[in-house]
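**Q** Numbering (our numbering), first residue to last: 369 to 699.
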Ligand code: 13P
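Written out as structure tokens, the structure reads:
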């Protein structure tokens, strides 16, 4: 096994997962604003510090995905965050894309930027302690109209070019083509779009000679759209999610991790538990775990509210959620 394959597998060990703490400045500002917290470099540092310096997170986290700004900030232990995480056996990762913009061929869809200058940025991130990276593409469903094959294809090409660069730089790529929950679509449409997206992605990776054994896939679950008026049961979500992945994802990849995508924390936890159970039943070939941002952080952010006196309580809330989510992958 090459070092990169071993590194990729070390991110998905039994019973542990990833915290996505890689909200861009723009997204972090929106998140903080919804709890009445202003966004400055210092409040964003305190936001990261709340989660990353919680005692005991190493029991549940194999890695944390960081945003560029956080790589150079210090936590309350006066250490740079990447170093402090690594000392606790948690791999520091970095969001390597630069966000989305409208797809020129169809402006209702998005493509992800960040390939220009990527090799130089990767060297810099590596020097700052990053061991793995993430690139997020966004796939929007609207009835049978969207996504277009062209948008899926362009995003897949960029994901493959990113993965190639990251492997050349000696780091692990996490590929995140996120099929959005937004919309009126059915769960079966979500399943079909996940299958189509992954099918295109993995054939593009093959064309670009990316080492599949060294990549991790980050995916949404197959869910009815959030304006469909339907709530799926965990068993329904599990059946369609696992079936979509079994149909379209090569067995060689190092692991599959899930984003929460706007599900509430209890839904994201129950659906993950059902997925890991289903994966076991059908003998899915990959380790599966969580890589949540909102579902792990939102209760603790509400408890914190940006106030020093609430830090302890918020950390207890965070640990409680982490414990539940980790239980969901300890099937
Ligand atoms: P959510 O879990 O909030 O969907 O975020 C995961 C993520 O990394 C999105 O890019």
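For glycine and all other residues, C-beta sits at the position ideal for the given N, C-alpha and C.
Taking 8 Å as the line, does the beta carbon of residue 668 fall inside it for any heavy atom of the ligand 13P?
**A** Position 300 of the chain shown, counted from the start, is the residue given in the question as residue 668. No; taking the cut-off as 8 Å, the Cβ of residue 668 has no heavy atom of the ligand 13P nearer than that.
**Q** So what does residue 569 bridge to, in DSSP terms?
**A** Position 201 of the chain shown, counted from the start, is the residue given in the question as residue 569. DSSP output for residue 569 lists no bridge partner at all.
**Q** Is there a C-beta anywhere in chain D that falls below 9 Å from the one on residue 632?
**A** Of the chains in the structure shown, none is chain D; there is only one protein chain.
**Q** Tell me where the beta strand (DSSP E) around residue 504 begins and ends.
**A** Sequence index remark: in the chain shown, residue 504 carries index 136 (1-based). Residue 504 -> beta strand (DSSP E) spans 500-507.
**Q** Is it the case that the CB of residue 462 approaches a heavy atom of the ligand 13P more closely than 8 Å?
**A** Position 94 of the chain shown, counted from the first residue, corresponds to residue 462. No, the Cβ of residue 462 stays beyond 8 Å of every heavy atom of the ligand 13P.
**Q** Who are the near neighbours of residue 368 in its chain, counting only those whose CB is closer than 6 Å to its CB and skipping five residues on each side?
**A** In this structure the chain extends from 369 to 699, so residue 368 is not present and cannot be described.
**Q** Could you check if residue 576 is buried or exposed, using at least 16 other CB atoms within 10 Å of its CB as the buried criterion?
**A** The residue you call residue 576 lines up with position 208 of the chain shown. By the 10 Å Cβ count, residue 576 comes out exposed.
**Q** Taking residue 697 and residue 644 to be in contact with their CB atoms under 8 Å, please state how far apart those CB atoms are, rounded to whole angstroms.
**A** Position 329 of the chain shown, counting from 1, holds the residue named residue 697. Position 276 of the chain shown, counting from 1, holds the residue named residue 644. Indeed, because the Cβ distance is near 5 Å, the residues count as touching under 8 Å.
**Q** Mind checking who residue 388 pairs with in its DSSP beta bridge?
**A** As a first step, residue 388 must be located in the chain shown, where it is residue number 20. Paired residues: 433.
**Q** Which whole-angstrom value describes the C-beta separation of residue 533 and residue 490, a residue pair presumed to lie in contact below a C-beta threshold of 8 Å?
**A** Taking the chain shown and counting its residues from 1, one reaches residue 533 at position 165. Taking the chain shown and counting its residues from 1, one reaches residue 490 at position 122. Confirmed, Cβ separation roughly 6 Å.
**Q** Look up residue 658 in the DSSP assignment and give the residues it is bridged to.
**A** Residue numbering aside, residue 658 sits at position 290 when the chain shown is read from its first letter. Answer by DSSP bridge pairing, in chain order: 626.
**Q** Pick helix, strand or coil for residue 370, following the three-state DSSP scheme.
**A** To locate residue 370, count along the chain shown from 1; it is residue 2. The answer is coil: DSSP assigns residue 370 none of H, G, I, E or B.
**Q** I'd like to know whether the C-beta atoms of residue 502 and residue 388 end up nearer to each other than 9 Å.
**A** The residue given as residue 502 occupies position 134 in the chain shown. The residue given as residue 388 occupies position 20 in the chain shown. Yes, the Cβ-Cβ distance between residue 502 and residue 388 is below 9 Å.
**Q** Opposite residue 361 in the DSSP bridges: which residues?
**A** Not covered by the structure: residue 361. The range shown for the chain is 369 to 699.
**Q** Do the segment 464-474 and the segment 417-428 make contact, defined as three or more Cβ pairs closer than 8 Å?
**A** Judged by Cβ distances under 8 Å, the segment 464-474 makes no contact with the segment 417-428, as fewer than three pairs qualify.
**Q** Residue 448 to residue 498, Cα distance in whole Å?
**A** Your numbering for residue 448 matches position 80 in the chain shown. Your numbering for residue 498 matches position 130 in the chain shown. If I take the Cα positions, the gap works out to 12 Å.
**Q** Following the continuous beta strand (DSSP E) through residue 478, name the residue where it begins and the one where it ends.
**A** Walking along the chain shown from the start, residue 478 turns up at place 110. Run containing residue 478: 474-480, per the beta strand (DSSP E) assignment.
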